[in-house]
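Shown next, in structure tokens, is the structure this report addresses.
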Amino acid sequence: MNTLAEENYLKSIYHLSFDAETVSTNQIAALLNTKAASVSDMLKKLADKELVNYAKYQGASLTPAGKKIAVSIIRKHRLWEYFLVEKLNFKWDEVHDMAEEMEHISSTELIDRLDKFMGYPRRDPHGDPIPDSNGNFKNHKLAPVATVKVNASCVISGVSDHSPIFLQYLEKHKLTIGKTINVIDVIEYDNSMIIQTEDNKIHISRDVANNLLII
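If you read the sequence shown in this note's numbering, its first letter stands for residue 204, the second for the next number, and so on.
Structure below.
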């Protein structure tokens, strides 16, 4: 049995490893808001359990066993987020912290029944893919709105910034999952964009365009 802290480390290493094969103690420390020395101590414990590959000054990577646990935690987190939004009517900017607590429930049977009860959803409320019971992700390639050409239409399918303040901004302007948008213009000066929805025309910044994802 792994502790809550150990599971959080494994999940953090998994997320950070998208950008590199190995991640540094400083990267993990920054993500978890802790000290590098504490990270080193935890990585040694996880290495002893054969959940990470770790060498001092060389960074860390997940072993197959560590990756399996990390994906399982992500699966639980995203299923709980979906449940909270779709079945309990929480807003998408309210559920992250609750799902952070619920993701550590160990019962596989409970999670599998939850998945079945909800009809095996493929994406959480933020558009992130939900792995199946075997840890497999469906093909789910998204691109930023910033890559869309003028006069092209697309469907909002996810976000790369999950912060409540960003999600609240999107909610305010009705730029939510499933909405169709059309790019009217790109402002050359700052690469901001003017987009049209079924409700209104909106001028969004470059940061918004980079963090709002479409199929």
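Heads up, the beta-carbon is just placed ideally off N, CA and C, and yes, glycines get one too.
Small disclaimer: the values here were computed from a predicted structure and weren't measured.
Compare the beta carbon distance of residue i and residue j with 9 Å and say whether it is the shorter of the two.
{"i": "Gly361", "j": "Arg316", "result": "no"}
{"i": "Ile368", "j": "Gly330", "result": "no"}
{"i": "Pro324", "j": "Ile314", "result": "no"}
{"i": "Leu373", "j": "Thr400", "result": "no"}
{"i": "Ile398", "j": "Val348", "result": "yes"}
{"i": "Leu235", "j": "Ala263", "result": "no"}
{"i": "Asn205", "j": "Leu254", "result": "yes"}
{"i": "Ser356", "j": "Ile380", "result": "no"}
{"i": "Leu370", "j": "Leu416", "result": "no"}
{"i": "Glu224", "j": "Ile272", "result": "no"}
{"i": "Leu282", "j": "Glu297", "result": "no"}
{"i": "Tyr212", "j": "Val242", "result": "yes"}
{"i": "Ile405", "j": "His376", "result": "yes"}
Need the endpoints of the beta strand (DSSP E) that residue i sits in, please.
{"i": "His406", "result": "Lys404 to Ile407"}
{"i": "Ile398", "result": "Met396 to Gln399"}
{"i": "Asn229", "result": "Asn229 -> not in any beta strand (DSSP E); alpha helix (DSSP H) instead, spanning Thr228 to Leu235."}
{"i": "Asn211", "result": "Element bounds for Asn211: not the beta strand (DSSP E) but the alpha helix (DSSP H), Leu207 to Leu219."}
{"i": "Leu378", "result": "Element bounds for Leu378: n/a, residue is neither H nor E."}
{"i": "Leu416", "result": "Leu415 to Ile417"}
Using the DSSP secondary-structure output, state which residues sit across from residue i in a beta bridge.
{"i": "Arg326", "result": "Pro332"}
{"i": "Asp388", "result": "Ile397"}
{"i": "Asn256", "result": "Ser264"}
{"i": "Pro347", "result": "Leu416"}
{"i": "Thr383", "result": "Val358"}
I'd like to know whether the C-beta of residue i is nearer than 9 Å to at least one C-beta of chain D.
{"i": "Arg281", "result": "Note that chain D does not occur in the displayed structure, where there is just one protein chain."}
Which residue marks the beginning of the alpha helix (DSSP H) containing residue i, and which one marks its end?
{"i": "Ile314", "result": "Thr311 to Phe320"}
{"i": "Val358", "result": "Run containing Val358: none in the alpha helix (DSSP H); it sits in the beta strand (DSSP E), Ser356 to Val362."}
{"i": "Val242", "result": "Ala239 to Asp251"}
| On the three-pair Cβ rule with 8 Å, is the region 272-279 touching the region 213-221? | yes
| query | Are the region 398-412 and the region 377-389 in contact at 8 Å, needing three or more beta carbon pairs? | reply | yes
| Ranges of the beta strand (DSSP E) found wholly within the region 258-308, counting only runs of at least 3 | Listed in chain order, the complete beta strand (DSSP E) runs (minimum 3 residues) inside the region 258-308 are 262-265.
| When the Cβ atoms of the region 306-313 are set against those of the region 286-294, are three or more pairs found closer than 8 Å? | no
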